[in-house]
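To start, the structure under review is shown below, and the notes come after it.
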Amino acid sequence: MTSAAGVVVVGGGQAGYSVVSALRGAGYDGPVTVFADERHLPYQRPPLSKQAHTEPDGTRVELVPESFYRERAIGLRLGERVTALDTAARTVVTGTGTRVPYDHLVLATGARNRRLPVPGAGLDGVHALRSLDDALAIGRALTTARDVVVVGGGFIGLELAQVAVAGGARVTVLELAGRLLSRAVSPQLQEHLRQRHEHSGVRILTGTGVRAVEGAGRVERVVTDRGVLPADLVVYGIGAAPRDELARDAGLAVDDGVIVDEHLRSVTDPRISAVGDCARHPHPHAAGLVRLESVQNATDQGALVGRRIAGSAAPYRSLPWFWSDQGAVKLQIAGLRTDTDEVRVVPGDSPDRLAAYAFRGDRLVAAETLNWPAEHLAARRLLERQVPVSAGDLTGSTLGALARARRGAGVRA
Amino acid sequence: MPIVIFQLPDGTERKVTAESGTALMQAAVSNGVDGIVAECGGNASCATCHVYVDEQHTALVGPPNGVEEEMLDFTAAERRATSRLSCQVRLSDALDGLVVHVPEEQV
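If you read the sequences in order, they're chains A and B. Using our numbering, the letters of the first sequence correspond one by one to residues 1 to 413. Using our numbering, the letters of the second sequence correspond one by one to residues 1001 to 1107.
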């Protein structure tokens, strides 16, 4: 299992952390090195958009303290960017020209935000959110911002809109599509969430594009298709693209993500794996290849590759799941709701709860829930174990009731 | 600065010093205690930080809260009377010496 060159991980996010944690957890005792272009210890990204961050130290979001890596002999090369792969020589090349050999290379490079493609996007007071430093810049701006314009009605935009409105700002969300979260959740939930946001004081303008951001040095207003909005802070979240250029430049198969097999190995070079946001992979719940941007995906894929390199291989089959906290609304999704035929919305057992069950044919493939974590967990347990659930099974029932009944009957659900 | 003892499924134990006011889950994760996954980062969203509170301390720790109560029905390892989600247990000096047992599986 041990060899001279060991494992090199490119990327120090959730996925990269998961790889090295699993490697050592599974007993791998060769050299392990992580290259991360940020200078912070690996940290959790989900909290960055769910609360205002103003403290410069990252300890509240760190995944584990520095001692974790030291005690496990994991080399953390923070602030050191890998700029090229030499797959023939099995080495990575860093920005300073250092060459580091590997037996196994794991790409955990994540994604980068799409830039706001309008004039004035570079003005002071215009922010995107990906890193802890971005979150701190937004958190500081929020302490004085009065008029906040959020560009993009996706998860990041809606979470930040709630953070801003809770801080007392006037908040407008601009979404180019006709609905919020138009590709992410069922249409029934899109409308419900819109009402919840509007009720909390966020103004939502769908079908509205941004033409320009204007101001003298810093943002003063946003010019939209439907008029001009005053703004002293603009935050945009309009999607992300995988950071797959290292792989592409090295000649690996890439198509909106590094293409990997069911073991998450590059289809071009089996000594290279890709995990998390940057990987495009087959999945038993999807018809074709998928690329998923979520903590679950980063964690489970990283752990799978870490265990494989340590000697225990298994195909990637983890059930996708996701959550988004938008003010008082906790949205959770279990399963993949692509190619679904029917969605049934069911009120929960209290007024703020709701579930949307998505079916392919007559079989449940995904469940979206609002403020109902137990129903979400029940969905995960049933979908993970591939228990067939039909629309009829859910007439007058819930997934929680079905899962409890299975458990009560002595079947692990 | 309460001390917490995590009894692991392999029979070993980890003794960690925690800060009052932090969650039990955070004490585990910050000290690299294996078996406390906490995928959601402590938001009572995932039930991957399940622990069994040692019976000598269950009264002191108290019962699960409402949302946690429901979620404990769907933990990966079996639910017991002593089950808690460690992200929902707030540590204090009164809990110094707390013993919890980490289940075999979390996900």
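Backbone N, C-alpha and C fix where the C-beta goes; we use that ideal spot for every residue, glycine too.
**OP:** Spell out whether any CB of chain A is found under 8 Å from the CB atom of M1025(B).
**Re:** no
**OP:** Taking only beta-carbon positions, decide if A358(A) is within less than 8 Å of chain B.
**Re:** no
Subject >> is_contact[F1074(B), chain A] using C-beta, thresh 8 Å >> reply: yes
**OP:** Return the bridge partner residues of A212(A) from the DSSP annotation.
**Re:** V223(A)
**OP:** List the residues of chain B whose Cβ lies closer than 9 Å to the Cβ of A403(A), in chain order.
**Re:** D1073, F1074
**OP:** For T299(A), go through chain B and note every residue whose CB falls closer than 7 Å to its CB, in chain order.
**Re:** E1039
Original post:
Can you tell me whether A374(A) is buried or exposed, with buried defined as 16 or more other CB within 10 angstroms of its CB?
Top reply: buried
Original post:
Distance, Cα to Cα, L218(A) vs L116(A)?
Top reply: Reading off the sequence, residue 218(A) comes out as Arg, not Leu. If you take the alpha carbons of R218(A) and L116(A), they lie about 16 Å apart.
Subject >> Buried versus exposed call for L304(A) [16 or more other C-beta atoms within 10 Å across all chains shown] >> reply: buried
Original post:
Going along chain A in order, which residues have a C-beta closer than 9 Å to the C-beta of L1010(B)?
Top reply: Just to set this straight, residue 1010(B) is Asp in the shown sequence, not Leu. Here the premise fails: no neighbours, minimum Cβ distance about 12 Å.
Original post:
Which term fits E1068(B), buried or exposed, when burial requires 16 or more other beta carbons within 10 angstroms of its beta carbon?
Top reply: buried
Subject >> Cutoff 8 Å: V1029(B) Cβ touching any chain A Cβ >> reply: yes
**OP:** Check A4(A) in the structure and name its three-state DSSP category.
**Re:** coil
**OP:** Label M1071(B) either buried or exposed according to how many other C-beta atoms from any shown protein chain fall within 10 Å of its C-beta, with 16 as the threshold for buried.
**Re:** buried
Subject >> Complete runs of the beta strand (DSSP E) confined to the segment 219–300 of chain A [at least 3 residues] >> reply: 221–224, 227–230, 233–236, 240–242, 272–274, 279–282
Original post:
Under a Cβ-count criterion, where at least 16 other Cβ atoms within 10 Å of its own Cβ denotes burial, should V329(A) be classed as buried or exposed?
Top reply: buried
Original post:
In whole angstroms, what is the alpha-carbon distance linking P1103(B) and H1050(B)?
Top reply: 7 Å
**OP:** Report the partner residues of D339(A) according to the DSSP bridge assignment.
**Re:** Answer is none; D339(A) lacks a bridge partner.
Original post:
Three-state secondary structure (DSSP) at E384(A)?
Top reply: helix
Original post:
DSSP puts W321(A) in a beta bridge; with which residues?
Top reply: A334(A)
Original post:
By the 10 Å Cβ neighbour count, where 16 or more other Cβ atoms means buried, how is V1100(B) classified, buried or exposed?
Top reply: buried
**OP:** Could you list which residues in chain A have their beta carbon closer than 8 Å to that of S1020(B), in chain order?
**Re:** Those within 8 Å of S1020(B) in chain A number zero; the least Cβ separation is about 16 Å.
Subject >> Candidates V32(A), R45(A), R353(A), of which the one nearest V295(A) by Cα >> reply: R45(A)
Original post:
Are at least three pairs of beta-carbons, each pair with one atom in the segment 273–283 of chain A and one in the segment 186–195 of chain A, less than 8 Å apart?
Top reply: no
Original post:
Where do the N-terminal and C-terminal ends of the beta strand (DSSP E) with V1102(B) fall, by residue?
Top reply: No beta strand (DSSP E) holds V1102(B); DSSP gives it neither H nor E.
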